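Counted the way mature numbering (1 follows the signal peptide of the UniProt record, and there is no 0) counts, the sequence shown spans residues -16 to -1, 1 to 408. Cβ coordinates follow ideal geometry from the N, Cα and C atoms, glycine included. None of the values given here were measured: they were computed from a predicted structure.
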Amino acid sequence: MRLFIAVFVLLVAVHCEELFNGDQVLRIHAESKDHIQVLKELEKDVDSGLDFWTHGFSTERPVDVRVPHASLYAVKDFLKENNISFAVMINNVQELLDRERAEMVSNTEMERNTKSFNFAAYHDLDTIYSFMDTLVASHSNLISKVKIGSTYENRPMYVLKFSTGGENKPAIWIDAGIHAREWVSHASAVWIADRIATDFKENRAPVPDVLSKMDIYLMIVANPDGYVFSHLTVRPFHRLWRKSRSVTSNPNCPGVDLNRNFDAEFSGPGASDDPCAEDYRGPSAHSEIEVTNIVDFILSHGNFKSFMTLHAYSQLLMYPYGYTGSNAPDQPELHDVATQANKALNSWHGTIYKVGSIFHTIEQASGASVDWAYQHGIKYCFAFELRDTGEYGFLLPADQIVSTARETWFALRYIMQYVSDHPY
Ligand SMILES: CC(C)C[C@H](C(=O)O)[C@H](C)S
Ligand SMILES: [Zn+2]
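Have a look at this one:
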């Protein structure tokens, strides 16, 4: 009997790990309004099992979609019947997942044996949280850890505060990981936290000057429940989870897209009211505890001058608005700051980003954090979509983490310097 159970468990484990075997990511090129309409219909059909990795359909930008193995032939035939061209971007998603998992297992071993922290690796929530404690302990004169509340599943939400003292100084907000599967955003934020600390300690511009005038608040994991879920290795394993993990009106479809739940044109076009959709906005603005924790913290502080959020992927540096194509009142200045920040980013590894408003660069999005911050008087609001442009998508190899983080830092520090030099 015991042998039978062991074999059964092994089979289940293997099956669980093989959830994405044979899945492919197709890069689809819409060439007409009809094509866009067809893709919109496909995206609306949440039962199709299609996982749209990029949103916002246009003839200017391709759409990336993960297609379950079982649907591959049907989807490819459908696209061919509609004369919609596509290419296979990722041939077998499971192969990338297996490599990523193997790297994480060996890295955990290495870190345990050497009692070190490897910035060129992805880490689970507990390891990120203990990294934060170590960083605070090593720089207690500069950094403190602030708990801003708990998540739906009752995990703590932490912000690292970088301050040289003073009461309620003007402040800069940076968050990462509001979408769980965008692992390079969390990993970049870990590296950036360490870089702010070392640049201050080594008196490397512009950090000391910025921190003489402002505080910096860095939230490495804005969606802890979703991030933990994306690290699970047994059913209901889902490395490509985007949303939170709250219960919704549909018991089969938990989770809200936290970046559609902010009170900024909430429920407008650019979010879905279907709990099974990847961009489900939630039942009402700020219905999600993770969002209210961030909103309440920022409003009670009351002196933020910049709000920046890190996402992945597509290599974009964006500013408000997402909910409308109209220009924000500060659009000329925001565009100029983003353009200069992009030059700083590009100067290091030559990585090419596009710059523009969210609406015109990626898609219409309602309820987004950046629009909410801007509408609450925080002028210097930016959203980053980090590497890459689709070769690996959300499954960016860990050996690109440090170069991604460093080039992002070059852009962030340009913006921070500009904000501290332009008080308002
Ligand atoms: C600033 C926004 C609109 C980011 C965007 C999203 O939230 O969908 C990415 C595609 S994840
Ligand atoms: Zn995102």
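Out of the options, which has the shortest C-alpha to C-alpha gap to residue i?
i	options	result
Val143	Asn277, Lys289 and Thr345	Asn277
Pro52	Pro46, Ile74 and Ser42	Ile74
Met292	Pro267, Ile162 and Pro190	Ile162
Arg11	Ile20, Ala58 and Val72	Val72
Asn207	Leu242, Cys237, Lys197 and Asn234	Leu242
Trp157	Val120, Val205 and Phe115	Val205
Met141	Ser169, Gly150 and Ala160	Ala160
Pro304	Pro235, Cys260 and Lys363	Lys363
Pro192	Arg397, Pro407 and Gly33	Arg397
Gly266	Trp356, Ala312, Ser233 and Ile399	Ser233
Ser169	Ile68, Leu379 and Arg96	Leu379
Ala357	His13, Phe246, Thr182 and Cys237	Phe246
Ser350	Thr135, Glu375, Ala325 and Gly252	Gly252
Ala177	Ile200, Phe343, Asp257 and Ser268	Ile200
Asn67	Glu15, Val47 and Pro46	Glu15
Pro259	Ser271, Val275 and Pro238	Pro238
Asn5	Lys64, Leu63 and Arg83	Arg83
Val321	Tyr57, Trp225, His406 and Arg139	His406
Gly334	Lys17, Val279 and Thr388	Thr388
Thr373	Tyr57, Glu44, Ile336 and Gly286	Ile336
Glu44	Gly33, Ile20 and Lys64	Ile20
Asp280	Val212, Lys131, Leu26 and Leu3	Lys131
Pro46	Phe62, Leu23, Lys64 and Glu65	Leu23
Thr135	His319, Gly33 and Ser271	Ser271
Phe343	Ser42, Glu27 and Gly33	Ser42
Val275	Arg244, Phe62 and Ala261	Arg244
Between residue i and residue j, how many whole angstroms is the CB-CB distance? I'm expecting something under 8 Å.
i	j	result
Asp108	His222	Actually they do not touch by this definition, with Cβ atoms about 15 Å apart.
Gly210	Ala164	3 Å
His295	Phe250	So it is not a contact: roughly 19 Å between Cβ atoms.
residue 445	Gly309	Outside the modelled stretch of the chain, which goes from -16 to 408, sits residue 445, for which no answer is possible.
Lys185	His123	7 Å
Gln78	Asp31	Incorrect: roughly 22 Å between the Cβ atoms, too far for contact.
Val229	Glu166	It should be noted that the sequence gives Arg, not Val, for residue 229. That pair is no contact at about 16 Å.
His13	Ser69	5 Å
Met198	Ala155	6 Å
Less than 8 Å between the C-beta atoms of residue i and residue j, yes or no?
i	j	result
Ser9	Trp175	As written in the sequence, residue 9 is Val, which differs from the Ser given in the question. Contact: no.
Lys153	Ile127	no
Ala395	Ala328	yes
Phe366	Leu301	yes
Arg371	Trp332	no
Met88	Ala104	no
Val403	Lys289	yes
Asp29	Val49	no
Ala171	Leu202	no
Gln359	Pro190	no
Ile273	Gly40	no
Ser298	Gln315	no
Lys129	Asp110	no
Thr148	Leu195	yes
Ile399	Ala325	yes
Thr182	Arg85	no
Ala269	Asp263	no
Gly377	Trp37	yes
Arg179	Trp393	yes
Asn91	Asn102	yes
Can you pull the DSSP bridge partners for residue i?
i	result
Tyr201	Lys145 and Trp157
Tyr305	DSSP, once it has assigned bridges, lists no residue as partnering Tyr305.
Ile12	Val47 and Phe70
Asp35	Arg50
Pro238	Bridge partners of Pro238: none, in fact.
Pro140	Ser134
Spell out whether any CB of chain C is found under 8 Å from the CB atom of residue i.
i	result
Leu119	In the displayed structure, chain C is absent; only one protein chain is listed.
Every unbroken alpha helix (DSSP H) within the region 87 to 137, with a cutoff of 4 residues, ordered by chain: 109 to 122
Completely contained alpha helix (DSSP H) runs for the region 240 to 297, where each covers 4 or more residues: 273 to 285
In chain order, each beta strand (DSSP E) run of at least 3 residues that lies wholly inside the region 293 to 374: 300 to 303, 338 to 341 and 364 to 370
Within the region 168 to 233, ranges of the alpha helix (DSSP H) (whole runs, at least 4 residues): 191 to 197 and 208 to 215
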